[in-house]
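For what it's worth, the UniProt record's numbering labels the leading residue of the sequence shown as 1, then goes sequentially.
Input: a single structure, listed below in structure tokens.
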Amino acid sequence: MSTASYENEQLQFTTTTFAWKSFLAGTFGGCAGLIVGHPLDTVKVRLQTQTKAHSVYRGTAHCFTSIVKYEGVRGLFKGMSSPMAGVALVNALAFGVYESALNFQMHGSEADATLKQMFVAGIVTGTVNSFVSCPMELAKIRLQNQGPEQLKSGNYYKGPMDCFLKTYRAGGIAACYRGLWPTILRELSFGPYFVSYEILCRMVTPPGKTTADVSGLGLIVAGGFAGICAWVSTYPFDVVKTKIQADLVGSGQPRYRGVIDCMVKCYREEGISILFRGMNATILRAFPLNAATFFIYTQSMRMLNSDQDA
Numbered sequence: 001m002s003t004a005s006y007e008n009e010q011l012q013f014t015t016t017t018f019a020w021k022s023f024l025a026g027t028f029g030g031c032a033g034l035i036v037g038h039p040l041d042t043v044k045v046r047l048q049t050q051t052k053a054h055s056v057y058r059g060t061a062h063c064f065t066s067i068v069k070y071e072g073v074r075g076l077f078k079g080m081s082s083p084m085a086g087v088a089l090v091n092a093l094a095f096g097v098y099e100s101a102l103n104f105q106m107h108g109s110e111a112d113a114t115l116k117q118m119f120v121a122g123i124v125t126g127t128v129n130s131f132v133s134c135p136m137e138l139a140k141i142r143l144q145n146q147g148p149e150q151l152k153s154g155n156y157y158k159g160p161m162d163c164f165l166k167t168y169r170a171g172g173i174a175a176c177y178r179g180l181w182p183t184i185l186r187e188l189s190f191g192p193y194f195v196s197y198e199i200l201c202r203m204v205t206p207p208g209k210t211t212a213d214v215s216g217l218g219l220i221v222a223g224g225f226a227g228i229c230a231w232v233s234t235y236p237f238d239v240v241k242t243k244i245q246a247d248l249v250g251s252g253q254p255r256y257r258g259v260i261d262c263m264v265k266c267y268r269e270e271g272i273s274i275l276f277r278g279m280n281a282t283i284l285r286a287f288p289l290n291a292a293t294f295f296i297y298t299q300s301m302r303m304l305n306s307d308q309d310a
């Protein structure tokens, strides 16, 4: 075997191993982030889907306390079984695709990736991730929006699979992927996400060290603020996605025909502020969620690579 062939095989083996480790570490990080952030995600969804004519919650704190008062603490975790069931796939896919997209751009180079390469890899990650996360979030949002009134009326989803089946029977696979375009537009935030994380890691790196030496506290700070940067960058599309996916296909003619139609109708009814509704809850949720995700992901990668370095 020639030296060049051997080096190519070694590079392919290393890249495959690294991607596999990224998938596994991404699973751990995603589960940690979901558990930490889901209660405030429920608050965000409730605030995003209420209308001016049927306004139930006055703000983040009122929504949080109202859910606990009338539905118990369990009400904050409604719909968590849907993303938890697929969190291994979604987060493993996100980190795995990101690392693979970086490796593809770098052509095996051992140099550090540039911020531009990280941004492009993040955009690719978000686009791919959308096709997995869209139907899962549709089920999550519809479960989160269920209150006592739905239970009394009998129009109630028993769980993620029941929601999927009823949605599929009402409109086929297209109904399960309702809100795909705003999901893609929202997930473009993966670009700013990974870039801001890298910049923040460099800022908290001790003098004379590399980002691989960032402390646990540094990882928490960088991950938390990176999550806030990502959400702020595409937040209006998350509001649009939530409204479109909460629009029950099986209960008559859908109110929104698409992204533009939804944005125009929302603006005409309540002004530009509606596209930023629930942002307080999102920012409060983004820091601990992404801090936990990146901290667990990075620490898992360090542990998985420790055997190789030994």
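The beta carbon of each residue, even a glycine, is placed where N, CA and C say it ideally should be.
Contacting residues, own chain, Cβ-Cβ under 6 Å from residue i (five flanking each side not counted)
i: G191; result: F119, G122 and I123
i: Q105; result: Q117
i: I283; result: I228
i: V97; result: T125 and V128
i: D162; result: none
Cβ-Cβ distance between residue i and residue j below 7 Å
i: K140; j: G79; result: yes
i: D247; j: Y256; result: yes
i: K44; j: G278; result: yes
i: V195; j: V204; result: no
i: A92; j: F23; result: yes
i: R186; j: D112; result: no
i: K241; j: P182; result: yes
i: G159; j: I244; result: no
i: I274; j: C266; result: yes
i: N290; j: G223; result: yes
i: residue 363; j: V56; result: An answer regarding residue 363 cannot be provided, because it is not within the stretch 1 to 310 covered by the chain.
i: K52; j: E198; result: no
i: A230; j: Y193; result: yes
Cutoff 7 Å; reference residue i; Cβ partners in own chain excluding five residues on either side
i: A32; result: A292, T293 and I296
i: R202; result: T211
i: S130; result: L180, T183, I184 and E187
i: T65; result: none
i: P206; result: D213
Secondary structure of residue i, DSSP reduced to three states
i: V68; result: helix
i: G258; result: coil
i: G159; result: coil
i: G179; result: coil
i: V249; result: Caution applies to V249, whose pLDDT of 46 falls short of 50 and renders its modelled position unreliable; the value that the coordinates give is listed next. Three-state DSSP puts V249 in a helix.
i: M279; result: helix
i: residue 330; result: Residue numbering for the chain in the displayed model covers 1 to 310; residue 330 lies beyond these limits and cannot be assessed.
i: N145; result: coil
i: Q50; result: coil
i: S55; result: coil
i: G227; result: helix
i: T60; result: helix
i: G37; result: helix
i: G208; result: coil
i: A121; result: helix
i: V45; result: helix
i: L188; result: coil
i: G271; result: coil
i: S109; result: coil
i: V214; result: coil
i: T293; result: helix
i: M80; result: coil
i: T298; result: helix
i: T127; result: helix
i: T114; result: coil
Local Cβ density within 10 Å of residue i, reported as buried at 16 or more and exposed below that
i: P39; result: buried
i: Q144; result: buried
i: D41; result: buried
i: M136; result: buried
i: A170; result: exposed
i: L174; result: In the sequence on display, residue 174 carries Ala and not Leu. Exposed, since its Cβ has fewer than 16 Cβ neighbours within 10 Å.
i: L138; result: buried
i: Q253; result: exposed
i: R142; result: buried
i: T125; result: buried
i: R268; result: exposed
i: M263; result: buried
i: L34; result: buried
i: E110; result: exposed
i: T167; result: buried
Own chain, CB closer than 8 Å to residue i, minus 5 neighbours either side, in chain order
i: R74; result: none
i: M301; result: K21, S22 and A25
i: N280; result: G59 and T60
i: F28; result: I296, Y297 and S300
i: V90; result: G30, P83, N129, V132, S133 and M136
i: residue 314; result: This structure does not reach residue 314, given that the chain is present from 1 up to 310, and the question cannot be answered.
i: residue 316; result: With the chain represented from 1 up to 310, any question about residue 316 goes unanswered, as that position is not in the structure.
i: G216; result: F295 and Q299
Cβ-heavy atom distance, residue i to the ligand NAD, below 6 Å
i: P288; result: Among the components of this structure there are no ligands whatsoever, and the ligand NAD is therefore not found.
For residue j and residue i, believed in contact at Cβ under 8 Å, the rounded distance
i: L200; j: A226; result: 6 Å
i: G285; j: G37; result: Here residue 285 turns out to be Arg, not Gly, going by the sequence shown. Sure, about 5 Å apart at Cβ, within 8 Å.
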